[in-house]
């Protein structure tokens with residue numbers, strides 16, 4: 003899809019292009035002009051628009067484009083496109099580009115015939131703003147990276163193993179200034195990453211630890227580190243999930259996929275920061291070699307963990323990755339994971355959960371979420387919750403070890419990870435609520451690609 007601006011108005015543009023105008027009505031209709039030009043009056047309603055509702059409006063417009071099979075359209079100028087929202091022109095352009103590309107996306111790799119409609123061109127009429135054009139460019143880059151993350155995450159587990167995920171990271175980042183290093187089982191053993199090795203024991207597919215390094219900042223500048231959960235399929239292990247709960251478990255590596263996408267966008271945008279991406283990747287499978295409830299794993303940090311439930315594997319692989327992050331002396335570490343169904347119970351489907359002990363960081367991430375559209379909401383990480391992570395035989399337990407384990411599951415996951423992130427500023431994003439679209443998101447089934455855009459925003463503005 004090509005997004006461009008033009009100084010021409012409707013009367014000066016080719017008649018075969020469908021020209022969209024916005025009207026404050028509840029319905030849409032076609033209106034033919036005297037000269038034969040076809041206008042499509044897109045009813046946006048009479049509500050007061052915000053940046054949030056503007057995003058949804060753009061996606062709804064793409065639904066109309068798909069329905070009518072348009073190849074080329076023109077949209078109004080900058081002022082009309084803003085719909086009264088107080089927004090800078092560059093952010094407006096980014097919002098339109100990002101959400102048009104997101105809404106057009108479908109995962110059709112396995113279709114024998116791809117019949118999905120693709121819009122070829124969008125012209126923004128009577129618009130010569132350089133800021134708006136720059137926003138379109140940025141939005142396109144971030145959307146491309148987000149959709150790449152969606153492609154990776156949507157790939158079925160039989161075709162997306164830790165080895166394939168590592169290969170995909172190398173392919174996606176080839177030609178950028180990101181150095182990709184893939185550590186295999188022997189290197190993981192040498193690092194004494196006992197948690198990753200424990201989770202991987204049940205699978206014939208060996209684990210991988212993917213390291214992506216982008217040096218866009220000053221030589222000695224402390225980097226930002228993103229850690230993405232890379233469980234390419236999660237059966238729950240011997241604490242097996244119900245059959246229906248396994249259907250989407252190829253998406254359990256969405257955190258890792260979004261880190262790959264974010265690293266691509268960061269490099270393509272030329273962001274002047276040092277950024278590291280880490281992905282601990284394994285399959286959590288069932289076999290005679292699987293790790294067992296009651297096992298005690300020794301993590302890279304030296305801390306030991308009672309395995310009370312093999313389906314709490316994400317926090318285990320992240321624990322080793324958070325310890326590995328220490329070698330970079332980072333100024334900030336953000337881990338991203340489809341960690342708990344409890345986060346979905348707590349927040350519904352419209353925001354990811356964020357946990358950190360730093361109030362200022364929590365406020366910053368919330369603001370960046372509003373700016374990027376990848377919304378986050380803070381859950382507490384008070385010391386009162388830490389006591390529930392204590393182990394019996396090991397130092398820690400991978401699920402709540404006392405009281406009723408049904409309560410506060412998302413917080414328990416964050417509290418567990420806090421033991422491995424004590425040497426730097428850190429936040430945990432449980433993005434399970436945003437793994438797949440919520441009703442009214444106007445996005446294709448499968449992965450949403452969140453929080454790729456949020457990670458890019460963090461790298462750029464933190």
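Numbering (the working numbering), first residue to last: 3 to 464.
For glycine and all other residues, C-beta sits at the position ideal for the given N, C-alpha and C.
Taking the alpha-carbon positions, what's the residue i to residue j distance?
i, j, result
"residue 373", "residue 353", "14 Å"
"residue 179", "residue 411", "39 Å"
"residue 87", "residue 58", "13 Å"
"residue 398", "residue 295", "14 Å"
"residue 234", "residue 459", "26 Å"
"residue 359", "residue 393", "22 Å"
"residue 3", "residue 65", "15 Å"
"residue 377", "residue 239", "31 Å"
"residue 60", "residue 443", "11 Å"
"residue 395", "residue 299", "11 Å"
"residue 348", "residue 37", "56 Å"
"residue 119", "residue 68", "6 Å"
"residue 316", "residue 290", "21 Å"
"residue 312", "residue 241", "5 Å"
"residue 11", "residue 221", "49 Å"
"residue 41", "residue 21", "5 Å"
"residue 375", "residue 56", "11 Å"
"residue 388", "residue 424", "13 Å"
"residue 243", "residue 155", "20 Å"
"residue 320", "residue 115", "39 Å"
"residue 402", "residue 198", "20 Å"
"residue 146", "residue 413", "33 Å"
"residue 83", "residue 101", "13 Å"
"residue 456", "residue 107", "19 Å"
"residue 195", "residue 364", "29 Å"
"residue 428", "residue 362", "12 Å"
"residue 200", "residue 345", "25 Å"
"residue 342", "residue 446", "23 Å"
"residue 126", "residue 109", "28 Å"
"residue 439", "residue 260", "15 Å"
"residue 368", "residue 379", "7 Å"
Could you have a look at residue i and say whether DSSP puts it in helix, strand or coil?
i, result
"residue 34", "strand"
"residue 132", "helix"
"residue 432", "strand"
"residue 77", "strand"
"residue 454", "helix"
"residue 234", "strand"
"residue 64", "helix"
"residue 539", "No answer is possible for residue 539: it lies beyond the span of the chain, which begins at 3 and ends at 464."
"residue 245", "coil"
"residue 222", "coil"
"residue 211", "strand"
"residue 10", "coil"
"residue 25", "strand"
"residue 278", "strand"
"residue 380", "strand"
"residue 122", "coil"
"residue 387", "helix"
"residue 270", "helix"
"residue 448", "coil"
"residue 463", "helix"
"residue 415", "helix"
"residue 298", "strand"
"residue 102", "helix"
Taking the CB atoms as reference points, tell me whether residue i and residue j lie closer together than 9 Å.
i, j, result
"residue 226", "residue 276", "yes"
"residue 183", "residue 143", "no"
"residue 309", "residue 330", "no"
"residue 193", "residue 185", "yes"
"residue 105", "residue 140", "no"
"residue 18", "residue 31", "no"
"residue 124", "residue 85", "no"
"residue 262", "residue 151", "yes"
"residue 422", "residue 400", "no"
"residue 206", "residue 286", "no"
"residue 268", "residue 462", "yes"
"residue 409", "residue 327", "no"
"residue 324", "residue 356", "no"
"residue 232", "residue 164", "yes"
"residue 332", "residue 284", "no"
"residue 2", "residue 5", "There is no way to answer for residue 2, as the model of the chain reaches only from 3 to 464."
Quick one: is residue i near chain B, going by C-beta distance under 9 Å?
i, result
"residue 464", "Any reference to chain B falls outside this structure, which holds one protein chain only."
3 or more residues per run - each beta strand (DSSP E) lying fully within the segment 137-209
180-185
On the three-pair Cβ rule with 8 Å, is the segment 218-233 touching the segment 272-288?
yes
Under 8 Å, with one C-beta from each stretch per pair, do the segment 208-227 and the segment 305-313 reach the 3-pair mark?
no
Can you list the beta strand (DSSP E) stretches of 3 or more residues lying completely in the segment 310-362, in chain order?
334-339 and 354-357
Indicate whether the contact test is met: 3 or more Cβ pairs, each with one atom in the segment 41-56 and one in the segment 19-30, closer than 8 Å.
yes
Mind the definition here: the segment 423-440 touches the segment 246-262 only if three or more C-beta pairs lie below 8 Å; say whether that holds.
yes
Are the segment 124-136 and the segment 77-96 in contact at 8 Å, needing three or more beta carbon pairs?
yes
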